[in-house]
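Asks: Just so you know, the protein sequences line up as chains W and F, in that order. Take the first sequence: its letter number 63 is residue 63 in my numbering, and every next letter is one higher. Just add 280 to the spot in the second sequence (first one is 1) and you have my numbering. A virtual CB, placed ideally from N, CA and C, is assigned to each residue, including glycine.
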Amino acid sequence: MAITFQKVGYQYPQLQQQKWAISEIDLLIEPTKEFVAVIGHTGSGKSTLIQHMNALLTPTVGQLNVFQHEVAKGKPLSPIRKRVGMVFQFPEYQLFEETVERDIMFGPLNFGVSKDVAAAKAAEVLSVVGMDESFLSRSPFSLSGGQMRRVAIAGILAMEPDILVLDEPTVGLDPAGQEEMMKLFTSLHDDYHKTLVIVTHDMNIVAEYTKRVLVMKAGQLVFDGSPQALFTDDAALELFELGRPDMMNVLASIANAAGTSKAASVITFDQVVAYLLEQS
Amino acid sequence: MQVVIGQYIPANSWVHRLDPRTKLVGLILLIVSTFLIQELITMLSLLFVVLVLFASSKIPLKRFFRGIAPLLFLLTFTVIFQLLLNRQGELLYQRTAYLGWQQALLTLIVIVVYQLLKRVTRYRFAMFVLSLVVVFYSIQLEFAGSWLTFDIAVYQGGVVFALFLVTRIVILITLSSLLTLTTKPTDLNNGLEEVMKPLRRFKVPTNEIAMMIAIALRFIPTLLDEANKIMKAQSSRGVDFNEGTLRQKVTQIISLLIPMFIISFKRADDLANAMEARGYAPGRIRSKYVTFHMQVPDYVLLAVTIGWIPVVVLLGL
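Below, the structure written as structure tokens:
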């Protein structure tokens with residue numbers, strides 16, 4: 001098990017009222033080939049939860065282990081951070097070096113990788129995120145927003161983490177940019193067998209791309225299962241105040257117009273196409 | 281997220297209700313007067329009045345000590361230097377003192393013990409005074425082979441002047457913390473703008489200065505938030521902000537500062553556009569949402585503080 005939460009709870013120390021940001025979290029995440037979505041309303045504890053995976057926060061109560069390292073105050077945290085990469089919201093703001101290459105090398109160098117290896121790695125990960133080598137010598141601040149975000153993600157990938165945690169990676173991108181970003185994550189999952197944990201508000205992303213979904217509500221983990229199981233459970237959706245992916249709504253409207261109210265348990269575009277072909 | 285900047289403590293006292301302009305002008309006049317006062321008794325009376333003011337403001341007295349605490353060390357040194365070096369007036373106390381390796385060793389031990397204990401004890405200042413007393417007594421003992429012998433003498437002038445200085449510093453701190461504790465930062469800024477108004481005759485852009493201060497105050501919590509985010513992001517990239525060699529420290533700071541600069545410039549740009557879109561033009565006269573009205577206590581306080589200065593100067597108090 002790569003990440004194990006056992007009865008983990010966290011309180012922000014600077015807040016006056018003693019409110020649990022997250023509590024009673026039990027969770028297992030595999031080291032490879034997982035594609036997890038974390039959803040929930042603002043203030044439900046999503047960010048607090050994922051910051052634990054990277055040891056940026058340490059549990060107030062409970063036991064948290066990441067790759068056999070215990071996450072607690074006073075324990076060495078850098079082996080954890082090397083294996084679990086964290087991409088924050090708007091990661092383009094963390095760029096600071098003179099060239100794209102040096103910025104990508106920053107992470108590996110911090111973890112003690114030699115300069116030559118880090119430089120080779122920089123060229124490699126830049127192609128993984130879909131940019132060619134001509135960008136290496138450019139200033140990160142001369143790039144477009146989407147390109148900067150790719151470079152920032154490349155900077156995390158260069159550390160060769162097994163698990164990649166991303167906080168709303170598609171926010172602020174146009175639809176084409178969003179789709180390309182999600183294609184990149186799909187390829188990291190399919191081709192490089194990384195485990196991805198994505199925080200998102202977009203139910204379409206949850207339905208189309210992820211394999212497992214965690215729902216946070218008021219600091220508690222209230223659902224852990226497949227997107228299919230979540231979106232076909234009307235009672236749960238109502239209880240968690242979640243919407244459905246567009247594809248389900250489209251299909252429901254079509255069924256409604258056709259006068260059949262038969263519920264279909266299909267949630268992705270491909271499934272909808274297959275379902276319609278089967279019906280006709 | 282509501283972040284309170286400054287040290288404003290909400291309460292409903294007459295000091296809180298005073299016009300910020302009155303408080304500012306009164307503060308400046310009283311501070312000026314502490315530099316004009318010549319008699320110790322006048323200074324002590326002023327301190328008494330200031331403490332009564334503080335007590336009447338419903339601010340917990342704890343805050344007064346918290347304001348003074350960081351200055352205790354400075355005050356102690358001021359007193360020691362005045363006592364030992366000022367040689368005016370009557371001689372009050374004289375002793376012969378010796379300095380040898382015994383005293384030097386003891387002093388070294390005291391310093392080491394103090395440095396070790398100051399992290400764990402809550403009574404840091406008491407320890408500091410105790411260390412001084414130990415060293416002071418040790419130099420009065422004569423050992424064989426002293427390096428040098430000298431006189432410690434305390435004169436009346438030293439005592440008076442030390443008290444004078446300490447009282448002045450305490451008055452300054454109490455008054456200025458009273459101002460910031462009882463006035464919201466925005467009110468203070470608006471008051472400052474009004475007080476600076478006469479400077480407009482000399483082409484000082486008072487409106488713009490006040491706007492700049494207001495924006496700076498507004499963005500402190502926002503930027504702290506951003507800095508926190510960037511620090512977390514760089515921590516994920518293996519930066520440990522708590523340790524590292526000097527060289528690593530430089531890289532760490534750069535990895536924080538450059539993103540902060542970029543974010544600040546972007547925010548400034550957005551804010552400038554938003555302000556322009558709402559018709560802000562620098563140099564124009566703007567009407568104010570907040571207007572101040574002087575009440576009876578304001579006039580009384582102003583009259584007293586303005587009258588106080590000529591009284592001090594003319595009567596030579």
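Smallest Cα separation from GLY112/W: which of ASP520/F, LEU455/F, GLY596/F?
Replies: ASP520/F
Asks: Could you tell me the distance, in whole angstroms, from the CA atom of ALA119/W to the CA atom of THR170/W?
Replies: 27 Å
Asks: Do you know how far the Cα of ILE254/W is from the Cα of MET247/W?
Replies: Roughly 11 Å between the two C-alpha positions.
Asks: Can you give me the Cβ contacts of MET86/W inside the same chain, cut-off strictly under 6 Å, excluding the 5 residues immediately before and after it?
Replies: ASN54, VAL165
Asks: Could you check whether the region 446–462 of chain F touches the region 297–308 of chain F, counting it as contact only if at least three pairs of C-beta atoms, one from each stretch, sit closer than 8 Å?
Replies: yes
Asks: When the Cα atoms are used, what is the spatial distance from GLY62/W to VAL84/W?
Replies: 20 Å
Asks: Our contact map puts MET203/W next to PRO245/W with C-beta atoms below 8 Å; I'd like the distance itself, whole angstroms only.
Replies: 4 Å
Asks: Determine, for ILE538/F, whether the minimum Cβ-Cβ distance to residues of chain W falls below 7 Å.
Replies: Answer yes: the Cβ-Cβ gap between ILE538/F and chain W drops below 7 Å somewhere.
Asks: Name the residues in the region 62–94 of chain W whose C-beta lies less than 9 Å from a C-beta of chain F; which are they?
Replies: LEU77, SER78, ARG81, LYS82, VAL84, GLY85, MET86, VAL87, PHE88, GLN89, PHE90, PRO91, TYR93, GLN94
Asks: Quick one: what's PHE430/F bridged to in DSSP?
Replies: ALA377/F
Asks: Tell me the rounded alpha-carbon separation between ILE534/F and VAL593/F.
Replies: 53 Å
Asks: Would a check of beta-carbon distances place LEU56/W closer than 7 Å to chain F?
Replies: yes
Asks: Since THR447/F and LEU355/F are thought to touch, with beta carbons under 8 Å apart, how far apart are those beta carbons, to the nearest angstrom?
Replies: Between LEU355/F and THR447/F the Cβ distance is about 10 Å, and since that is not below 8 Å, they are no contact.
Asks: Cα-Cα, which of LEU221/W, LEU196/W, LYS217/W, VAL222/W is closest to LYS211/W?
Replies: LEU196/W
Asks: For a quick check, are the C-beta atoms of TYR209/W and MET182/W less than 7 Å apart?
Replies: If you check the CB distance, TYR209/W and MET182/W come in under 7 Å.
Asks: Hey, would you say PRO562/F sits closer than 7 Å to GLU506/F, going by beta carbons?
Replies: no
Asks: Just mark LYS46/W as buried or exposed, buried being the case when its beta carbon has 16 or more other beta carbons within 10 Å.
Replies: buried
Asks: Please name the residues in the region 134–165 of chain W whose beta-carbon is closer than 8 Å to at least one beta-carbon of chain F, in chain order.
Replies: PHE141, GLY155, ILE156, MET159
Asks: Looking only at C-alpha atoms, which of MET511/F, GLN420/F, ARG517/F sits nearest to ASN110/W?
Replies: ARG517/F
Asks: If the cut-off is 8 Å on Cβ atoms, which residues from the region 231–262 of chain W count as contacting chain F, listed in chain order?
Replies: none
Asks: Taking all protein chains shown into account, do 16 or more other C-beta atoms lie within 10 angstroms of the C-beta of PRO590/F, making it buried, or fewer, making it exposed?
Replies: In this structure PRO590/F is exposed. Its beta-carbon is surrounded by fewer than 16 other beta-carbon atoms within 10 angstroms.
Asks: By DSSP, does LEU310/F sit in helix, in strand, or in coil?
Replies: helix
Asks: Do THR314/F and LEU582/F come within 7 Å of each other at the CB atom, strictly closer than that value?
Replies: no
Asks: Count the CB pairs spanning the region 331–339 of chain F and the region 467–479 of chain F that are closer than 8 Å, and state whether there are at least three.
Replies: no
Asks: Check whether the Cβ of PHE286/W lies closer than 7 Å to any Cβ atom in chain F.
Replies: Here chain W covers residues 1 to 280 and nothing more, so residue 286/W does not appear.
Asks: Helix, strand or coil for LEU214/W, going by three-state DSSP, please let me know.
Replies: strand
Asks: For the region 31–38 of chain W against the region 184–195 of chain W, do three or more pairs of beta-carbon atoms, one drawn from each stretch, fall closer than 8 Å, so that the two count as touching?
Replies: yes
Asks: Whose Cβ in chain W lies nearer than 7 Å to the Cβ of ILE510/F?
Replies: TYR93, GLN94
Asks: For PHE111/W, return the contacting residues in chain F, with the cut-off set at a CB-CB distance below 8 Å.
Replies: Those within 8 Å of PHE111/W in chain F are GLY518.
Asks: Does the beta carbon of ILE360/F sit closer than 7 Å to a beta carbon anywhere in chain W?
Replies: The beta carbon of ILE360/F sits no closer than 7 Å to any beta carbon of chain W.
Asks: Name, please, each residue of chain W whose Cβ falls closer than 8 Å to the Cβ of ALA513/F.
Replies: MET86, PHE88, PRO91, TYR93, GLN94
Asks: In or out: VAL8/W buried (at least 16 other Cβ within 10 Å) or exposed?
Replies: buried
Asks: Just to confirm the assignment, what range does the alpha helix (DSSP H) spanning TYR10/W have?
Replies: First-last for TYR10/W: 3–11, but that is the beta strand (DSSP E), not the alpha helix (DSSP H).
Asks: Alpha carbon to alpha carbon, how far is THR4/W from PRO31/W? Give it in angstroms, no decimals.
Replies: 11 Å
Asks: Just reading off the beta strand (DSSP E) that THR195/W is part of, what are its end residues?
Replies: Judged by DSSP secondary structure, THR195/W falls within the beta strand (DSSP E) whose first and last residues are 195–199.
Asks: For THR260/W, which option in ILE267/W, LEU251/W, VAL266/W has the closest C-alpha, if you only look at C-alpha atoms?
Replies: LEU251/W
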